[in-house]
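Trainee: Residue numbers (the working numbering), protein chains in the order written: chain A, 52 to 246; chain B, 52 to 246. For glycine and all other residues, C-beta sits at the position ideal for the given N, C-alpha and C. Just so it is clear, the structure is predicted and the values come from calculations on it, not from any experiment.
Number of protein chains: 2
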Amino acid sequence: MEYPLLYQAFKKYIDFPVEEYLDIESRLVCKTLNKKEHLIEEGQAIHFLPFINDGLMVNYRIDDNGDRHVLQIRSSGMWLGDLYSFFSGNPTKFNIQAYRTTELLMMNHETFEYITKEYPITEKYFRLGIQSAYVETLEHIFNFHSLSAEARYLQLIESIPSLLEDIPHYLVASYLGIKPQSLSRIRRNVQSMSD
Amino acid sequence: MEYPLLYQAFKKYIDFPVEEYLDIESRLVCKTLNKKEHLIEEGQAIHFLPFINDGLMVNYRIDDNGDRHVLQIRSSGMWLGDLYSFFSGNPTKFNIQAYRTTELLMMNHETFEYITKEYPITEKYFRLGIQSAYVETLEHIFNFHSLSAEARYLQLIESIPSLLEDIPHYLVASYLGIKPQSLSRIRRNVQSMSD
DNA sequence: CGTCTATTTGAATGTACTCAAAAGCGGTGG
DNA sequence: CCACCGCTTTTGAGTACATTCAAATAGACG
Chain A
52 MEYPLLYQAF
62 KKYIDFPVEE
72 YLDIESRLVC
82 KTLNKKEHLI
92 EEGQAIHFLP
102 FINDGLMVNY
112 RIDDNGDRHV
122 LQIRSSGMWL
132 GDLYSFFSGN
142 PTKFNIQAYR
152 TTELLMMNHE
162 TFEYITKEYP
172 ITEKYFRLGI
182 QSAYVETLEH
192 IFNFHSLSAE
202 ARYLQLIESI
212 PSLLEDIPHY
222 LVASYLGIKP
232 QSLSRIRRNV
242 QSMSD
Chain B
52 MEYPLLYQAF
62 KKYIDFPVEE
72 YLDIESRLVC
82 KTLNKKEHLI
92 EEGQAIHFLP
102 FINDGLMVNY
112 RIDDNGDRHV
122 LQIRSSGMWL
132 GDLYSFFSGN
142 PTKFNIQAYR
152 TTELLMMNHE
162 TFEYITKEYP
172 ITEKYFRLGI
182 QSAYVETLEH
192 IFNFHSLSAE
202 ARYLQLIESI
212 PSLLEDIPHY
222 LVASYLGIKP
232 QSLSRIRRNV
242 QSMSD
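Structure below.
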């Protein structure tokens, strides 16, 4: 076993058999991205499903005015791709970029087909994984509705305390749905509150 | 076949075999809700997965201040439950309510276990369905980030023109992430623009 | 050291909010 | 049939929060 973090991911929801895991692992391709390098850019058709073995990835989308909106920030131990493009073959609308040197494990489409056919439990694993991502995303929407920008900020840095050291503040601001200037002012307020 | 809309749903992503569908259909329980009746209330453990055969359901959550936030509005031909509670057995945080007389088809947990075991393709169907809901939800977040309240309103009534006749405006406002007063003002503006 | 980019700060603006009241609408009972 | 009630929607006035525009400061890197 080369990638215990990946094995852990497969075991997260169900008792995934080791032998089958090892075959799957052997079929993945390792890829390293440098700081600021893109894994996925808008317009591409995505033929692989990436797992973050070590690093930090940001998923953003550009709107009609050319403005960037960060939708997901994910780190080691998580999958982060464009499921829609991966399964439909249509061009992606997303951009996924590394903000530190990041090591990815890539599963291509043929491998996905092979393992779900050969090991039916894989289908269940992905169903549960996607379901969990879906539930998280509903929670995210609820937070957007019910919390102020300041409360969302406090919640975010509580869950990932090192975030502001790891990626530019303007990306964190975008993820929170505010402008960098507003994030700066919120941080100033929070700072002075805790004095 | 009693419920063509359900069959259509099973065929949406894959070529789901009829015989297997018919067995699944026979295991569902039909339930009718009256206007304003709840299907799911916060705190319950959810033992069924509901499919909306005919009607309109609203999924909302109450925040710490006691305020309601509508997260989903779904109509005929869609599943709408709490996947998290259904699969984990934990109490739900959601409230799902009918706003018209609504006919539901309910799959209980044992049936889910039975059909995924007996017909492995079911697992794939649900994986694809949840995946599609997940992709929609990411789109929803992007709209929240990139569109003004007025643009979100226009997009919503374009996709469901009868929505404001079907459910109270304050629920639509909540779904849009604004107050009923603001929705009223937006509607007045849009009205006067088109004169 | 200089340049480029990111972050902070200030001032004015805008959008949605709160509070408060009025108008509209649907159902019930006199 | 009309009066009344409760609930929803609209409107008005003042406020709060995040935005824009613009400039200053701070940091990173060659």
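1. Within its chain, find whatever has a CB closer than 7 Å to the CB of Asp105(A); leave out the 5 residues flanking it on each side and keep chain order.
2. Residue range of the alpha helix (DSSP H) that Gln59(B) falls in?
3. Are the CB atoms of Gln148(A) and His89(A) nearer to each other than 7 Å?
4. Evaluate Met108(A) with the Cβ neighbour count: other Cβ atoms within 10 Å of its Cβ, from every protein chain shown; 16 or more gives buried, anything less gives exposed.
5. Rounded to whole angstroms, what is the Cα-Cα separation between Ala60(A) and Phe67(A)?
6. Shorter than 7 Å from the beta carbon of Phe177(B) to some beta carbon of chain A?
7. Return the first residue and the last residue of the alpha helix (DSSP H) that Glu216(B) is part of.
8. Name the two residues that bound the continuous alpha helix (DSSP H) containing Thr153(B).
9. With DSSP collapsed to three states, give me the class of Lys82(A).
10. Given a cut-off of 7 Å, decide if Thr143(A) and Ile192(A) are closer than it, judged by their beta-carbon atoms.
11. Go to Leu90(B), then tell me how far its alpha helix (DSSP H) extends in each direction, as first and last residue.
12. What residue range does the beta strand (DSSP E) around Asp133(A) cover?
13. Check the Cβ-Cβ distances between Thr228(B) and every residue of chain A, and say whether any is below 7 Å.
14. Which same chain residues, not among the five before or five after Arg78(A), have their C-beta less than 8 Å away from its C-beta?
15. What would DSSP say about Ile103(B), mapped onto helix, strand or coil?
16. Thinking C-alpha only, which one of Leu205(B), Glu70(B), Ser136(B), Leu215(B) is nearest Asn240(B)?
17. Give me the chain B residues within the contact set of Glu92(A), using Cβ-Cβ distance strictly less than 7 Å, ordered along the chain.
18. Quick one: what does DSSP say Leu73(B) is sitting in, helix, strand or coil?
19. What first and last residue would you give for the alpha helix (DSSP H) that runs through Leu222(B)?
20. Whole angstroms are fine: how far does the CA of Glu92(B) sit from the CA of Tyr72(A)?
21. Which same chain residues, not among the five before or five after Glu201(B), have their C-beta less than 8 Å away from its C-beta?
22. Excluding the 5 residues flanking Lys82(B) on each side, which residues of the same chain have their C-beta closer than 6 Å to its C-beta?
23. Is the CB of His120(B) under 7 Å away from at least one CB in chain A?
24. Please return the same chain residues whose Cβ sits closer than 7 Å to the Cβ of Pro231(B), not counting the five positions on each side in sequence.
25. Taking the continuous alpha helix (DSSP H) assigned at Asn194(A), which residues delimit it?
Mentor: On the basis of the data shown:
1. Ser127, Thr153, Glu154
2. 55-62
3. yes
4. buried
5. 10 Å
6. yes
7. 214-217
8. Premise fails: Thr153(B) lies in the beta strand (DSSP E), 153-159, not in any alpha helix (DSSP H).
9. strand
10. no
11. Careful: Leu90(B) lies outside any alpha helix (DSSP H), inside the beta strand (DSSP E) at 89-91.
12. Premise fails: Asp133(A) is in no beta strand (DSSP E) and is neither H nor E.
13. Rather than Thr, the amino acid found at residue 228(B) in this sequence is Gly. Yes, Gly228(B) counts as interfacial toward chain A.
14. Met158, Thr162, Tyr165, Ile166
15. strand
16. Leu205(B)
17. What Glu92(A) touches in chain B: nothing, since even the nearest Cβ is about 17 Å away.
18. helix
19. 220-227
20. 39 Å
21. Ile237, Asn240, Val241
22. Leu155, Met157
23. yes
24. His220, Tyr221, Ala224
25. 172-197
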